[in-house]
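Colleague: Can you read through this structure? Questions will come right after.
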Amino acid sequence: MLEALGIDEVTESVYLALLKHPDAGVMATAERLGITEKAVRKALDRLTELSLLRRSAEEPGTLLPVSPVVGLNMLLARNQEDLTLRHRQIEQAKTVVEAISAEYDAMQEFDTGAVKKLDGIEAVRARLEELAHSAQDDCLSFVAGPQQEDALEASRPLDRLALERGVRIRIVYQESFRNHPVTLRYVRWLTMLGGEARTVPTLPLPLVIVDREVALVPLDAADVRLGALEVRSGGLVGALCSLFEYIWISSIPFGDELVKDDIGLAPQERAILRLLANGQTDDSVARELGLSVRTVRRQVSSLMTKLGARSRFQAGVLAAERDWL
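Heads up, the sequence shown is in our numbering, so the first residue is 5 and it goes up one at a time.
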């Protein structure tokens, strides 16, 4: 009945059982519902993630069900906010798609070459090699997805030649890459040759811009293997350059230690708080920041402790009240 709120049948039954028997343990709940203890624990994790369970103030380590009057209504409100946010994002994406489509139609009619579709990751890699060979001034990149070791190794000769020609290479990585050994080795090598690399907690999309004249943007930011659009429209490329510079200014050099702000929050922690305040789940936060779900849950738990919050919802409220967002 509550699938639309992200609650499956088993999780719902565990929640209802705990409302009736809040002191029941995992074993007793499993026996009462006729399911495995593993299924109960999985449901408890999900209920905690949805802020439908809270820590007991009197018995540390004990989880108690949140009243459905509060918990379910807040969950419903968050889902409604998600829908509103998703609608705005779709409208924004629609505007970009319409602009690119208009350029593409113009290309079809007048052969202006403003937009070209590259089907598949191999076509994208081949085009990137061509652009690396021809680059004269600069190359700007957002790296938000997985980095394959063979692809990075193959790019080294091209990057070296570009840097030797005086091309300025600047890359902004998602912060999670600071813990990625393959990327770390590449960044150390690149910066030794004069390249520049920085990080931010989250990036809007993967992106490559060469000489401020041509940009490659993925057909689907969630799956770059599908291919990309090569854009040569001055207006669109200019807008993407402005986006890059805006994010570059707020980014942190890859080799620098991540400095916490005045209230003791690292950039990634503040990003997590903002996403939680928007009602996003641990899974969606992990995808957005390129982290594992386990890492997100560990950081959420740490943030709740810092805030003195008993639930994710209370953490969001307290963070807003203290101007932590």
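We treat Cβ as the ideally placed atom computed from N, Cα and C, and that holds for glycine. The structure displayed is predicted, hence computed values, not measured ones.
(1) Closer than 6 Å by C-beta to residue 82: which residues in its own chain qualify, once you throw out the five before and the five after it? Chain order, please.
(2) DSSP three-state call for residue 54: helix, strand or coil?
(3) When the Cα of residue 142 is compared with those of 132, 189, 167, which residue comes out closest?
(4) Check whether the Cβ atoms of residue 155 and residue 206 lie closer than 9 Å to each other.
(5) By how many angstroms is the C-alpha of residue 200 removed from the C-alpha of residue 2?
(6) Give the secondary structure of residue 276 by DSSP, where H, G and I count as helix, E and B as strand, and everything else as coil.
(7) Who are the near neighbours of residue 232 in its chain, counting only those whose CB is closer than 7 Å to its CB and skipping five residues on each side?
(8) Along the chain, which unbroken stretches of the beta strand (DSSP E) at least 3 residues long are found entirely within the region 223 to 271?
(9) So what does DSSP say about residue 161, is it helix, strand or coil?
(10) If you run the structure through DSSP and keep just helix, strand and coil, what is residue 326?
(11) Can you give me the Cβ contacts of residue 50 inside the same chain, cut-off strictly under 6 Å, excluding the 5 residues immediately before and after it?
(12) Is it buried or exposed, residue 113, if we count other Cβ atoms within 10 angstroms and call 16 or more buried?
(13) For residue 48, which residues from the same chain have a beta carbon less than 8 Å from its beta carbon, with the 5 sequence-adjacent residues on both sides left out?
(14) Residue 141 by DSSP, collapsed to three states: which one?
(15) In chain order, what residues of the same chain lie with their CB nearer than 6 Å to the CB of residue 178, ignoring the 5 residues before and after it?
(16) Please work out which residues of its chain come closer than 8 Å, Cβ to Cβ, to residue 70, disregarding the five sequence neighbours upstream and downstream, and give them in chain order.
(17) If contacts are defined as beta-carbon pairs under 8 Å, then residue 184 and residue 151 qualify, I think. What distance do you get, rounded to the angstrom?
(18) Taking the alpha carbon of residue 169 as the reference point, which residue from 305, 180, 198 has its own alpha carbon closest?
(19) Taking DSSP as the reference, what is the three-state secondary structure of residue 12?
(20) Output the distance between the C-alpha atoms of residue 171 and residue 246, rounded to the nearest integer angstrom.
(21) If you draw a straight line from the C-alpha of residue 120 to the C-alpha of residue 126, how long is it?
(22) Going by beta carbon distance, what residues of the same chain come within less than 8 Å of residue 8, once the five residues before and after it are set aside?
(23) Rounded to whole angstroms, what is the Cα-Cα separation between residue 308 and residue 290?
(24) Assuming residue 235 and residue 241 are in contact, meaning their beta carbons sit under 8 Å apart, how far apart are those beta carbons, in whole angstroms?
(25) I'd like the list of long-range same chain contacts for residue 144, defined as Cβ closer than 6 Å, with 5 residues on each side in sequence excluded.
(26) Figure out for me which residue from 164, 102, 204 has the closest Cα to the Cα of residue 181.
(27) Out of curiosity, what's the CA-to-CA distance linking residue 292 and residue 259?
(28) By the DSSP assignment, the alpha helix (DSSP H) with residue 32 in it spans what residues?
(29) Would you mind sorting residue 304 into buried or exposed? The rule is 16 or more other CB atoms within 10 Å of its CB.
Modeller: This is what the structure gives:
(1) 283
(2) coil
(3) 167
(4) no
(5) In the structure displayed, the chain extends from 5 to 329; residue 2 sits before or after that span and is not available.
(6) helix
(7) 122, 128, 220, 221, 222, 223
(8) 231 to 235
(9) helix
(10) coil
(11) 15
(12) Because residue 113 sits at a pLDDT of 45, beneath the cut-off of 50, its placement in the model cannot be relied upon, and the point is left open.
(13) 18, 30, 57, 67
(14) coil
(15) 148, 207, 294
(16) 55, 56, 57, 58, 315
(17) 7 Å
(18) 198
(19) coil
(20) 19 Å
(21) 15 Å
(22) 83
(23) 17 Å
(24) 6 Å
(25) 174, 213, 248
(26) 204
(27) 23 Å
(28) 30 to 37
(29) buried
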